[in-house]
Every structure is written in C-alpha cells, then in structure tokens.
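When the letters of the sequence shown are read in order and numbered with the numbering used here, they come out as residues 4 to 211.
We treat Cβ as the ideally placed atom computed from N, Cα and C, and that holds for glycine.
Heads up, the thing below is written out as structure tokens.
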Amino acid sequence: MNNVLLDHFFPPKEPFLPPPGLRPHKSAPPLTTDEIAAALSKRFPTSAPGPDGIPYSTWKQVNKINSAILVQILSPLVLLGYHPASLKSSNGVVLDKPGKPSYESPSSFRIIVLIRTISKILERIVAARLLAAARLRGLLHPNQCGSLPGLSTYDACLTLTNDVRTLQRPRLKVSSLFLDIKAGFDNVANNTLARIRREGGIPPYLVS
C-alpha cells in the first residue's frame with residue numbers, strides 16, 4: 004500500500020534541468036529585512052515544521068533578536084537564483100478522507116507535505132517578487148483572483164455576477180462553465196514554465 008500511495012501522490016514527471024553552473028545574477032535586488040519580516044508575518048507559529056524540526060516561532064524569535072541572520076542565510080540563494088535540493092526534502096503525512104465507503108483506493112486519502120520552514124520563508128519571498136514582476140509586465144489575467152494578496156473567492160464571485168448581469172440586461176442568455184483541474188500544480192512541466200517566464204520578461208534570477 005505504501006508504494007501505491009507514493010505512486011499516486013508523487014507520479015513521475017519531467018526532470019528539471021539545473022543550470023550548468025551557478026553565477027550571481029546582476030538583476031537580483033538585495034534581500035531586505037522588510038521582505039523577510041513580511042514573509043514571517045504570514046506564517047503561523049504553531050504550523051508543523053518539516054524534517055529540520057524548526058518551527059516558525061524560532062525563526063521569528065531569531066529575526067527579532069538579529070534580523071541580519073536570515074538576510075545572510077538567504078541572500079546568496081536569491082542572488083544565485085538557486086533553491087538547493089537540501090531545502091526541498093519533506094515529511095509527508097497521509098490522512099484518510101472521512102466518510103469514504105472504502106479505503107482500498109489511493110483517492111480515499113490525502114497527503115500533507117511538510118517542508119523545512121526556512122524553505123517556505125524563501126519561497127514566500129520569491130513568490131512576492133515574482134508576483135510584482137508579473138504585474139509589472141502585464142502577465143496576469145485581469146480576472147485572476149487566486150493566490151493574489153487582497154483578492155479572494157469573494158472577488159471572483161462578484162466579477163462573475165457582474166458579467167452575468169451585464170449580459171442579461173440586453174436579454175442575452177448566459178452560461179457558465181466551471182472546471183476542476185485535478186492535480187494541476189503537481190504536473191506542471193518545469194522546463195515549459197521556465198520558458199514561458201523567460202519569454203514574458205521575468206528577471207533571470209526569478210526564473211532560476
């Protein structure tokens with residue numbers, strides 16, 4: 004059963020080709036204490052840590068005592084555009100979905116992946132920079148609401164309602180199509196995504 008769950012939750016996918024050598028990116032702005040503070044502010048102290056066992060409360064205390072420590076740890080990774088494999092190791096906790104008639108299928112379970120907290124801090128900083136770059140270059144759809152600060156499902160519903168009522172005024176008939184893409188994020192082709200980012204003008208260090 005363990006192998007079945009592993010194959011289900013972690014299917015084989017196209018390997019990401021790392022750069023032949025690591026070189027500092029001149030386009031990478033220096034990491035700031037404000038960025039780290041913003042990343043930490045979104046983390047709950049009680050969130051379960053990954054393999055390192057270091058909770059967010061520890062990093063918050065470290066940053067409070069000396070904010071330069073996290074800057075010195077993470078700055079080289081941002082400058083090189085490099086997320087080391089050692090930070091990607093994780094603990095997976097498999098939970099059964101309640102109310103299932105049978106638990107013989109992997110679809111009756113879900114997995115919670117706990118990665119190293121320092122890795123999540125780095126990810127949030129890079130995600131914030133990536134969002135700013137995508138907005139600057141007009142790469143986001145005007146109706147995109149998910150994963151954007153200040154926007155939510157409520158905004159998406161308001162947008163849909165507005166479009167429907169606008170089309171109904173001249174007595175047009177309106178239909179909506181909703182799609183639920185299963186395991187979309189788990190099956191993104193990394194090299195294709197990197198190419199799209201490069202073509203969209205995303206800074207090289209963020210692509211890396």
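Give the DSSP bridge partners of residue i, in chain order.
i   : result
S93 : I118
D99 : F112
Going along the chain, which residues of its own chain have a beta-carbon closer than 6 Å to the beta-carbon of residue i, five neighbours each way excluded?
i    : result
R46  : Y59
V210 : A197, R200 and R201
K63  : L43
S150 : none
G95  : I114 and V116
Taking 8 Å as the limit between beta carbons, can you name the residues of its chain near residue i, skipping five residues before and five after?
i    : result
D55  : R119, T120 and I121
I39  : N66, S70, L73, V74, L77, I124 and I128
D158 : C148
L8   : V97, P109, F112 and I114
S50  : P58, Y59 and T120
Evaluate residue i with the Cβ neighbour count: other Cβ atoms within 10 Å of its Cβ, from every protein chain shown; 16 or more gives buried, anything less gives exposed.
i    : result
Y208 : buried
R201 : exposed
V116 : exposed
V167 : exposed
P52  : buried
A88  : exposed
L175 : exposed
G84  : buried
L182 : exposed
V81  : buried
Give the range of the alpha helix (DSSP H) segment to which residue i is assigned.
i    : result
Y157 : T156 to Q171
F12  : N5 to F12
Q147 : Element bounds for Q147: n/a, residue is neither H nor E.
A42  : T36 to S44
P58  : Looking at the DSSP string, P58 is not in any alpha helix (DSSP H), and its letter there is neither H nor E.
P79  : A71 to L83
A197 : N193 to E202
P32  : Neither: P32 is in no alpha helix (DSSP H) and is coded neither H nor E.
V210 : P207 to V210
Rounded C-beta distance between residue i and residue j? I'm assuming under 8 Å.
i    : j    : result
L163 : S178 : Between S178 and L163 the Cβ distance is about 12 Å, and since that is not below 8 Å, they are no contact.
R140 : G203 : 6 Å
P33  : A136 : Contact flag wrong, Cβ pair sits at about 16 Å.
R113 : K103 : With a Cβ gap of about 11 Å, R113 and K103 do not count as contacting.
Less than 7 Å between C-beta atoms, sequence neighbours within five positions excluded: which residues of the same chain meet that for residue i?
i   : result
K29 : none
L25 : L83 and Y85
For the ligand NAP, is there a heavy atom less than 8 Å away from the beta-carbon of residue i?
i   : result
I68 : No copy of the ligand NAP appears in this structure; indeed no ligand is present at all.
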